[in-house]
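Numbering (my numbering), first residue to last: 134 to 297.
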Ligand code: FES
């Protein structure tokens, strides 16, 4: 089996291993690398991380399944996780989340037809005073309203088409 991660990210993987006492200790950052590469923790990503870390694939799969920051289903290029927990809801996050889904034409956890955006809602991300807020591929975006959100969506679409 070709190990795409090993071939494509040789230096990064070596740098990651250098931070840990054993290869198996690097399983979590390498799972993030797999998620970044495939857009989710795919079966091939699990196998490749297992080979790199010298672990059984079932061990790697169980780690990926335990932590919610690993996605075991395909996501869009931009994974938007809106906090709708109570403090954010009191600052308008519920309406913001509803408006965002309507604007993108998706439901909870769904991905736009072009594969660009997956929209989810999550519990407190510890940025309650900056709501409405979301994390996009785990980077915080705060003090949002729909005007700002529409501008960001256009910016991300432009960046994605530049990457092609
Ligand atoms: S309740 Fe949303 S960040 Fe805390």
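Even glycine gets a Cβ: it sits at the ideal position worked out from N, Cα and C. Model, not experiment: these values are computed from the prediction.
Could you tell me whether the Cβ atoms of residue i and residue j are closer together than 7 Å?
i: residue 215; j: residue 203; result: no
i: residue 226; j: residue 260; result: no
i: residue 218; j: residue 256; result: yes
i: residue 141; j: residue 187; result: no
Measuring alpha carbon to alpha carbon, tell me which residue in the options is nearest residue i.
i: residue 262; options: 252, 181, 272 and 276; result: 276
i: residue 162; options: 222, 176, 189 and 185; result: 185
i: residue 164; options: 154, 292, 242 and 177; result: 177
i: residue 208; options: 246, 194 and 189; result: 246
i: residue 205; options: 281, 143, 242 and 283; result: 242
i: residue 199; options: 212, 220, 221 and 174; result: 174
i: residue 158; options: 169, 146 and 168; result: 146
Would you say the beta carbon of residue i comes nearer than 6 Å to a heavy atom of ligand 1?
i: residue 258; result: yes
i: residue 220; result: yes
i: residue 261; result: yes
i: residue 269; result: no
What residue range does the beta strand (DSSP E) around residue i cover?
i: residue 273; result: 272-274
i: residue 285; result: Residue 285 -> not in any beta strand (DSSP E); alpha helix (DSSP H) instead, spanning 279-296.
Could you give the residue range of the alpha helix (DSSP H) that holds residue i?
i: residue 164; result: 160-171
i: residue 138; result: 137-141
i: residue 185; result: 176-186
Check whether the Cβ of residue i sits closer than 6 Å to any heavy atom of ligand 2, and report yes or no.
i: residue 216; result: For the structure depicted, ligand 2 is absent and the ligand set comprises only ligand 1.
- Query: What beta strand (DSSP E) runs, 3 residues minimum, are completely inside the stretch 191-264?
  - Reply: 211-216 and 250-255
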